[in-house]
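For what it's worth, our numbering labels the leading residue of the sequence shown as 244, then goes sequentially.
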Amino acid sequence: MNRRIRVDGLPYRTRVYVNNQVLIPSELVKLLGIERSIFANVVIRHEGKVISINGVKLLHNRRATSRQFTIPREVREAYGIKPLDEIEIISIEPIEIASNRRNAVLSS
């Protein structure tokens, strides 16, 4: 089942999944150039509150370009974020880890 989600950039409105994860559709992943990123700092808006989440792991499926990240429990509890709540992703900034960069240079 291939469902295409049309995205033209950020901010992007979506819902929190039952497992407390948030989908970043493949079109948005490509647009932001974060296909190879493993960690990111994400800023979301929930019920008018702007929330920064630092160092989330961008999970991926082998067959898809889309990514997902889990909203940490302490953030969910502090801001009352529940499954199926609507949130708005304001920004996603990839984090480069020095060891990954060094390994990439060594293997080139």
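Positions of the beta carbon are idealized from the N, C-alpha and C atoms, including for glycine.
Values in this document were obtained by computation on a predicted structure and should not be read as measured data.
Quiz prompt | Straight-line Cα distance separating D251 from I314 | solution = 23 Å
Quiz item: Can the beta-carbon of Y255 be found closer than 8 Å to that of I332?
Solution: yes
Quiz item: From N284 to E278, what does the alpha carbon distance come to, in whole angstroms?
Solution: 15 Å
Quiz item: From E336 to L327, what does the alpha carbon distance come to, in whole angstroms?
Solution: 24 Å
Quiz item: In whole angstroms, what is the alpha-carbon distance linking P298 and L275?
Solution: Correcting the residue identity first, residue 298 is Gly in this sequence and not Pro. One C-alpha to the other measures close to 17 Å.
Quiz item: Looking only at its own chain, which residues have a Cβ that is under 6 Å from the Cβ of R258, when we skip the five neighbours before and after it?
Solution: L327, E329
Quiz item: By how many angstroms is the C-alpha of I294 removed from the C-alpha of I281?
Solution: 20 Å
Self-check item: Residues bridged to P337 (per DSSP)
Solution: A283
Exercise. Determine, using beta carbons only, whether V265 and S309 come nearer to each other than 8 Å.
Key: no
Quiz item: Out of N304, H303, Q311, A307, which has the shortest C-alpha to C-alpha gap to N262?
Solution: Q311
Practice problem: Using only alpha-carbon positions, find the residue among E290, R306, V286 that is nearest to Y322. | Solution: E290
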